[in-house]
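The numbering used here applies: residue 103 is where the sequence shown begins, and numbers increase by one.
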Amino acid sequence: MKNYALAIIVAALFCISLDARDASAQASSVLTTGLQGPNKIITAGQSHLLVSETGTPTPNSGRIALVHRIDGSRRTLIDGLPSGFNTVEQAPSGPSGIKLNGVTLYVTIGQGDSVIPAIPTACLQIHRRQHG
């Protein structure tokens, strides 16, 4: 029984080492540029990504970007979202979470605290305009 367990462990370690070798051989490339503190990314349909950007240390510089998945073109979907300089992390803090539910986009602002219980904060809800 001990030999059987040892054989399973050796086989698992061998598989893990093969996966690690394959992962390091993968190439990466830049899809887009011009993002200001990208924080979260989600898919939006088959051809786009939505990216929350915390912004710069300038107040109200947070934004949501729409990035084309194929050609990398980026355009600002929403800008002027609340943001500011976080003195604890020494970095900008702004839009931090995004969720697309049908045609409604939900955006959370700020990182929060994992130790201090949160006080409910506002959630920005954007509705798509109906054309026609």
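Glycine residues also receive a C-beta, built at the ideal position from the N, C-alpha and C atoms.
The C-alpha of L151 lies about 26 Å from the C-alpha of F187.
Exclusion of the five residues before and after S149 leaves H170, R171 and I172 as the residues of its chain whose Cβ lies within less than 8 Å of its Cβ.
In summary, E155 is buried, with 16 or more beta-carbon neighbours lying within 10 Å of its beta-carbon over all protein chains present.
Annotation for R165: the continuous beta strand (DSSP E) segment containing it runs G164 to H170. When DSSP states are grouped into helix, strand and coil, P194 belongs to the strand group. Beta-bridge annotation (DSSP): D181 is paired with R165.
In terms of Cβ geometry, T145 and R165 do not form a close pair [threshold 7 Å]. Your pair Q138 and S163 checks out as a contact, with CB atoms roughly 7 Å apart and the cut at 8 Å.
An exposed status is given to G204, since fewer than 16 other beta-carbon atoms sit within 10 Å of its beta-carbon. The continuous beta strand (DSSP E) containing T145 extends over residues P140 to A146. CA-to-CA, the gap between P194 and L133 works out to about 23 Å.
According to the DSSP assignment, V153 belongs to the beta strand (DSSP E) that extends over H150 to E155. V205 is bridged by DSSP to nothing; it lacks a bridge partner. Ranked by how close their Cα comes to the Cα of Q192, the residues T158, L202, L207 and G182 have T158 in first place.
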